[in-house]
Structure formats: C-alpha cells, structure tokens
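S.K.:
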Amino acid sequence: MRLNKFSLFLVFFLFTFSSFAQSNNYFYGSFESNGVYYQESESTDYDKKFASNTYLNLKYNLNNKWVFDLQTESYLPKQLQNYSDLLEDTFVSTFSINFNTNNFNFTAGTIYEQFGSGILLRTWEDRQLGINNSLWGLRSSYKKQNLRLVLLGGYQKKANTISEGKVFGFDSEFTVYDKKDSYSNLLVGLSYLGRLEAPHYVSYPFEDLTNSFSARIDYNSDNFYLNYEYAHKSEDGVVKFNVVSETFIKSGNAHQVNAGLIKDGLGLDFTFRRLENMGFYSERVEFGSPFFETTLNYLPALTKQHDYLLTNINVYQSQPNISFQDPSLMKAGEIGFQLDAYYNIKKETFLGGKYGAKISLNISKWNNLKGNYDYESEDYDLDFLGFGEKYFSEQSLEIRKRWSQNFNNIILFVNRYYNKRFVEEKVGEINSKMLVFDNTLKLNGEKSARFEIQHLFTKDDKKNWFGYGFEYNFSYNFSAYFNSIVNYENELEDKPTYSNFGLSFSKNASKFMLSYGKQRGGLMCYGGVCRYVPEFKGLSFSIITSF
Amino acid sequence: MFKKLILLAFSLVCAINLHSQKFVPNIPIETFKGTYTTMSKELSDDSYYILSFWATWCVPCINELDALNEVYDELSKDLNFKVYAISTDDARTKRRVRPLVNGKSWKFDVLLDENHDLKRALNISGLPHTIIAKQNEILHRRVGYAPGEELDLLEKLKDYEVE
Chain B
1 MRLNKFSLFL VFFLFTFSSF AQSNNYFYGS FESNGVYYQE SESTDYDKKF ASNTYLNLKY
61 NLNNKWVFDL QTESYLPKQL QNYSDLLEDT FVSTFSINFN TNNFNFTAGT IYEQFGSGIL
121 LRTWEDRQLG INNSLWGLRS SYKKQNLRLV LLGGYQKKAN TISEGKVFGF DSEFTVYDKK
181 DSYSNLLVGL SYLGRLEAPH YVSYPFEDLT NSFSARIDYN SDNFYLNYEY AHKSEDGVVK
241 FNVVSETFIK SGNAHQVNAG LIKDGLGLDF TFRRLENMGF YSERVEFGSP FFETTLNYLP
301 ALTKQHDYLL TNINVYQSQP NISFQDPSLM KAGEIGFQLD AYYNIKKETF LGGKYGAKIS
361 LNISKWNNLK GNYDYESEDY DLDFLGFGEK YFSEQSLEIR KRWSQNFNNI ILFVNRYYNK
421 RFVEEKVGEI NSKMLVFDNT LKLNGEKSAR FEIQHLFTKD DKKNWFGYGF EYNFSYNFSA
481 YFNSIVNYEN ELEDKPTYSN FGLSFSKNAS KFMLSYGKQR GGLMCYGGVC RYVPEFKGLS
541 FSIITSF
Chain L
548 MFKKLILLAF SLVCAINLHS QKFVPNIPIE TFKGTYTTMS KELSDDSYYI LSFWATWCVP
608 CINELDALNE VYDELSKDLN FKVYAISTDD ARTKRRVRPL VNGKSWKFDV LLDENHDLKR
668 ALNISGLPHT IIAKQNEILH RRVGYAPGEE LDLLEKLKDY EVE
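First to last, the sequence lines map onto chains B and L. Take 1 as the starting number for the first sequence in the numbering used here and just add one per residue. Take 548 as the starting number for the second sequence in the numbering used here and just add one per residue.
1. Helix, strand or coil for B:A21 per DSSP?
2. Between which residues of its own chain and B:T54 is the CB-CB distance below 6 angstroms, once the five residues before and five after are set aside?
3. If you scan the segment 62-135 of chain B from start to end, which runs of the alpha helix (DSSP H) of 4 or more residues do you find wholly inside it?
4. B:N258 to B:N227, Cα distance in whole Å?
5. If we cut at 8 angstroms on Cβ distances, does L:K654 have a partner in chain B?
6. If we count Cβ pairs, one from each stretch, closer than 8 angstroms, do we get three or more for the segment 96-111 of chain B versus the segment 285-292 of chain B?
7. Report the neighbours of B:N185 on chain L: residues whose CB is nearer than 8 angstroms to its CB, in chain order.
8. Entirely within the segment 646-671 of chain L and at least 4 residues each: give me those alpha helix (DSSP H) ranges in chain order.
9. To the nearest angstrom, how far is it from the Cα of B:S203 to the Cα of B:V244?
10. Hey, out of B:S30, B:N406, B:K495, B:N25, whose CA is closest to B:S510's CA?
11. Anything in chain L within Cβ reach of B:L268, meaning under 8 angstroms, just list it in chain order.
12. Can you confirm whether B:I313, when its beta carbon is compared against all beta carbons of chain L, has any partner nearer than 8 angstroms?
13. Helix, strand or coil, according to DSSP, for B:R450 in the structure here?
14. Quick one, which of B:K518, B:P496, B:Y532, B:D218 has its alpha-carbon nearest B:Y183's?
15. Ends of the beta strand (DSSP E) at L:R639?
16. Would you call the segment 322-337 of chain B and the segment 656-674 of chain L in contact, with 3 or more CB pairs under 8 angstroms?
17. L:A614 by DSSP, collapsed to three states: which one?
18. With a floor of 3 residues, list each beta strand (DSSP E) that falls wholly inside the segment 312-338 of chain B, ordered by position along the chain.
19. Measuring only the C-alpha atoms, how far is L:Y707 from L:L686?
20. So which residues on chain B does L:W601 lean against when the C-beta distance must stay under 9 angstroms?
21. Taking only beta carbons into account, state which residues of the segment 151-177 of chain B come closer than 9 angstroms to chain L, listed in chain order.
22. If you follow the beta strand (DSSP E) that B:V167 is in, where does it begin and where does it stop?
23. Does the structure place the segment 151-169 of chain B close enough to the segment 197-211 of chain B that three or more beta carbon pairs sit under 8 angstroms?
24. Are any of the Cβ atoms in chain B nearer than 8 angstroms to that of L:N616?
25. Can you give me the Cβ contacts of B:K144 inside the same chain, cut-off strictly under 7 angstroms, excluding the 5 residues immediately before and after it?
26. L:P575 touches chain B at which residues, Cβ-Cβ below 7 angstroms?
27. Could you check the C-alpha separation between B:T497 and L:T640 for me, to the nearest Å?
28. For a contact defined as C-beta to C-beta under 7 angstroms, what are the partners of B:A509 on chain L?
29. To the nearest angstrom, report how far apart B:L385 and B:N24 are at their CA atoms.
30. Can the beta-carbon of B:D307 be found less than 8 angstroms from the beta-carbon of L:W604?
31. Three-state secondary structure (DSSP) at L:Y692?
32. Below 7 angstroms on C-beta distance, what does B:S117 contact in chain L?
33. Run through chain B and tell me which residues come within less than 7 angstroms of L:I671, C-beta to C-beta.
Structure (structure tokens):
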C-alpha cells in the first residue's frame, strides 16, 4: 500500500471533479503534522536529529450519499521516537469508499468499527499513540432506532503493511422494549468475531480459527441503569517470551457488570470487570506488541483518566493477559471494580455559596485473578470471584468551585497504590498521594491566566515530586505556558527536572503549537492505553487543521 | 522525499483554498438510551446549533461546557439555539458520561460518539472542538477553549441571527 501512481491519480481526479461539481459535492479533510528536533535523547538514533509524523486526510462527498476517504502519512526524515519502526517514508495508510443512506451503510476499504464495548473488536486511530488498527475489507451496517446489524470481514492494517490473519464477524443489537419520552428501555446484543491465522511454516496443535462470542443486555430507566456483557474466546496458544506456545493452550473469557443511579444533581456509576486471557491479535506473535499492531479488541484500564503531569506518573494499565514470567510472577488476567460519584452543590446554599460547587469522587481497585498457578506444568486453576495479588488501587476527590465572576479553581486529591512488579513486570510497589490546585483567573477583555501547583508525596521509588505551571491567554486565540516538574527527593545529585515552555495559536479550526523543553520518559498513557517513551529534550511543533 | 513533501503541501493549499466541509454528515449516533438517531434528524429544526465535542477526561472541554451551562438559561430567552454536547468518550470512560452530566446539572442534550464515527467524518483532531451550525450547515468551527471564549461563541451566534 505504498504511495503509488494510482493514489496520486485519484487525488487529482477528485480535485478536478470537485471543481466542476454542484454545491453538495465537495472536498474536505484535515492536516496534522507533529515534529521534534531532538537536542538530547536517550536514544542514539535520535540524538541531535529531526523527526516528524504528518497526516493528510482528504474526503470527497458526492450527493451526500457517497464519501471517498484517503489518508496519506509521512514519517520524514523518520518517525518520531518510539513509534513503530514499520512507519517510514510516505504511504497511503487508509482508503475507503463509503455509501450511506439514513439507515444503511456500506464501506469498501478501510473499516473503523466497534462491537459492544469493544471487548471483541475495536478498530480505531489514535495518532498520539501511533495506533491505527483499522481493517482493510468490506463492511455493511443497518442501523434503525430499534435494530443495529453489522457484518464485516477483511485483513488488519499493520503500520504500512497488512497483517497475516483474516478477520470476520458480525454485531447485532435489538431493542426489546422501549418507552417513548423516557429513558426506559431494554436492549440485547450478540456479537461474533473470528480470526483465522494459518502460517505456512508451522502447524499448531490448536485450531487455526479462533472464535469469539459476546452477549450483552442493557437496561435503562429514568433514574437507574444496569448492563452486563459476557465474552468468550476459544482455545489458543499462549504467547510466552514472544513465541506462540504449543503446550500452553487456554481459552479466555470476560465479564463486565455496570450499574448507575441518576438523580437531579447526583450521578453514581459502578463497574465490575473480570478479564481472563482476553488479549486478541490478528497475528498471534504480535501479542503484547508495544505498538499495539494487530490488536483486535479494546480492554482499557477502568480507572480515572488523569490530565495533570504528576497524577500521570504510575497510572494503571489493564492486565487482560496470561503472563508466566517466573514462579513468583504469574498472572492470568484481572478482576476489580470502579466507582464514580458526581454531585452538584446548588447555588445559594451553605456549602455551595453564591456560585455552587461540583464534586467528583472515584474509587478503583484491580487485582490478579486468584487461583493455583503451576509454573512447571504451565497451568492454573482459578477461583471465579477471587482477588489475587493487588495491582492497583486509587481514591480521588475533585472539587470544582467558582469563587467569583472571574475566579474559579479545581482542587484534586489522589491516593494511589501501584504494584510496579505485577503491572510493569519490574521491581517495587509504590504508595503515593497527590494534591493539585488549578486556578483560573479571568482578566480584562479576552485575557485570562491559569496557575497550577502539584505535589506528589511518596516514600517509595523515586520519592517526592513537585510541579507548577503557568498559562497566560493573551486573547482567545493566543496563549503561552510554562510548566515544570522536579523529582526533588531523588537520590541523584542532579535532581531530575522537566521544564517546558510553549506557545499556542488557534484560529477557527486550526491550531499551531510550538514548545521547547525536556520531556519525562517512562510509561505514557492516553485513553487508557500506555507505552514506554524515552526521555528527550528538544524543540517540538504541532500543526492541526480541519478544512 | 522533497517531491512528496511538495505534493502534500500542494494538496493542502488546493484543499484549503477551494473547498471546505459544508455540512454535518448525516450519520447514526447513539443516545443516552443506547439507541440510535441520525444527525440530520437531530439538526432538523430551523434553529442554530452548537455542537461541542468533549470527553469526561478533557479538562478544558468540561470548563467550556460548565461555562456555557452558566449562561445558557439567560441566553436561550433571547436566542433560538440548542446545544449538543457530543461525547467522544470510548469504552474506558463512556459509562461515566450520564452520571457526570447529571452530577453537573447540564441542560444540554448529549450524544455519544463512542468509536469517533462523527468525529472522524468531521475531521476533528483535537478537543474541545466546537461547531456552530444552522440546521446541518456548518457556519463556524473552532478548536480549543480559553476562559470567556463561550461569550465570543454566543456573540457569533447573535451576529448570525441578525443577518
């Protein structure tokens, strides 16, 4: 799928065509480019070098029924640090022809799709993480108010190539009961996904075709909701030290229960999930790939998603897989829960004051599956609802309060336990507490300022951190920021300090950013998916525009 | 390499100068009930719409919607407009959307774009991203949020109404 004459021809054809077209036939798209000059990098491949990732997406709308979609990606002179090595040069990454009426949709080419909550299948693009696991094939869907049917099949994209495995499946959802003008209804759903991978060089002692099924039920009412999803994946070889085992063969399953309570000004949400050997890849050997290549499903960490520099240190990543590293580190999945509460303290009350306040609370706890694990014979026997070694737990409280027309702030407190040994398969356990004050002051006209301070308290690992940030909006379009975090209790003589200065300019649907500084290395997480990023110092720019 | 870069730049310039996305695409989108509606059905009234793309984990998005909520009652007396807060939360955080909206007492309608079908169709890269539309015709769009910018958005809306 390299950039070739065909795709160039297509681009020019569509441009020419659209120039003569009527008003409801038109071209649109987006452009994004992220580049870094690495002044200093831990990786010698990048030290004193420039790298950039550029995405150009073009779509053509024909009669509001057809959409032609083409995306080219350029990694020049090379891909940004820690993106897949397969991403190089310029190539057409996605292309699709889509036919759409009110209820019916047909796509040939690149497919983005999700079945249920994604336990069996989710294909999506996340440029920050370098994920694009879309399928290349055919898809048709029919969606009406009380019915949703999707049928698809194809090969999965793997960076600039195509994965070996064939993938096909269907998803269905029916409304059993629905009360008009209220939230009351009952939905049921069934999905199937098959992955056929039969490498010519090996004959596995298990089926080349791996089948997975899921069933879900979803009840909603005005003040309450409850849903349950079950998934099963047929027997498959476990990947151990990057090799598909011919002796360690296991099936997988998942249970997810979610319930919530809704009252005016109050919202509660509870999720329980148990995952056992649920990682699913279109190419078996890609299992656990740091670049998420050929990953088929989406099993994100169900914890609070943080947005501050220090609260993003030691965040949980979900543990859906079997991993037998050594007799003291054996896991088969995860079990745990998460609770969220949101409460609005009304205006003109004792606690709320003149402007009211908003409170949110999050509690989560995730453990290994409890059972008898046998390292030698590569087997385990699990207790269905048993909690094994603790991976992670967190309690956090956030209060948002407006004090006057021009001043408001956010106070966030987080108490966290992180088992680095079991989650990252490294050494150590970390107990930490974090406190964040984020203050916004509106000034004259379009000007405003934001000031934040953060502290991370811990006696473990690298000890305490302190951070602060300042942001000034000169106008709605133009802002500058400076932030810095320092690991001031680290045993190193030179205390690790990461400071960044940046400018951001936005106009309509375009944004341009420039920043200079040193970025912390380690596990970076976005949308519940994490990967390792080496530390670097350099000048970065980013351009985003939609047109 | 330079040929390719030039080609990319050329395509971009052509695209920006000659064309732009005019309409909100008519694609199915999920409601809080888990059922589907379509964008053209939701945008069928003869009024102005603010479509705000957000996520539960995006601090500036929540700031923008909180700020819009503050002025919503006052302004909807004089202006004929409706706000849709379109959540792009995926399976990780989607279940949090309804309790959060309730816990914040937001007065907007919320739609769920869980696997980013609408976000992709509108070529949205960064959040928050806000669109003003008259029925399904796109009049204005902007990326990012600075404190007070909601007032600017509403001024724009007033200008359109006067026109």
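Glycine residues also receive a C-beta, built at the ideal position from the N, C-alpha and C atoms. Values in this document were obtained by computation on a predicted structure and should not be read as measured data.
M.R.: Here's the rundown:
1. Residue placement at B:A21 cannot be trusted, given a pLDDT of 45 that sits under 50; the coordinates are not used to answer.
2. S33, S74
3. Here no run is fully enclosed.
4. 5 angstroms
5. For L:K654, no CB of chain B lies under 8 angstroms from its own CB, so it is not counted at the interface with that chain.
6. Three or more beta-carbon pairs separated by less than 8 angstroms are not found between the segment 96-111 of chain B and the segment 285-292 of chain B, which leaves the two stretches without contact.
7. Correct list: K580, G581, T582.
8. 664-668
9. Cα to Cα, the separation comes out at about 11 angstroms.
10. B:S30
11. Within chain L, P646 have C-beta atoms less than 8 angstroms from the C-beta of B:L268, given in sequence order.
12. no
13. strand
14. B:D218
15. Careful: L:R639 lies outside any beta strand (DSSP E) and carries neither H nor E.
16. no
17. helix
18. 323-326, 329-331
19. Going by the C-alpha atoms only, they are around 9 angstroms apart.
20. Near L:W601 there are no residues of chain B at all, since even the closest Cβ is about 13 angstroms away, more than 9 angstroms.
21. E173, T175
22. 161-178
23. yes
24. Chain B contact via Cβ: absent.
25. N103
26. Correct list: K143.
27. 32 angstroms
28. R688, R689, V690, listed in chain order.
29. 56 angstroms
30. yes
31. L:Y692 falls in the coil class under three-state DSSP.
32. A638
33. S546
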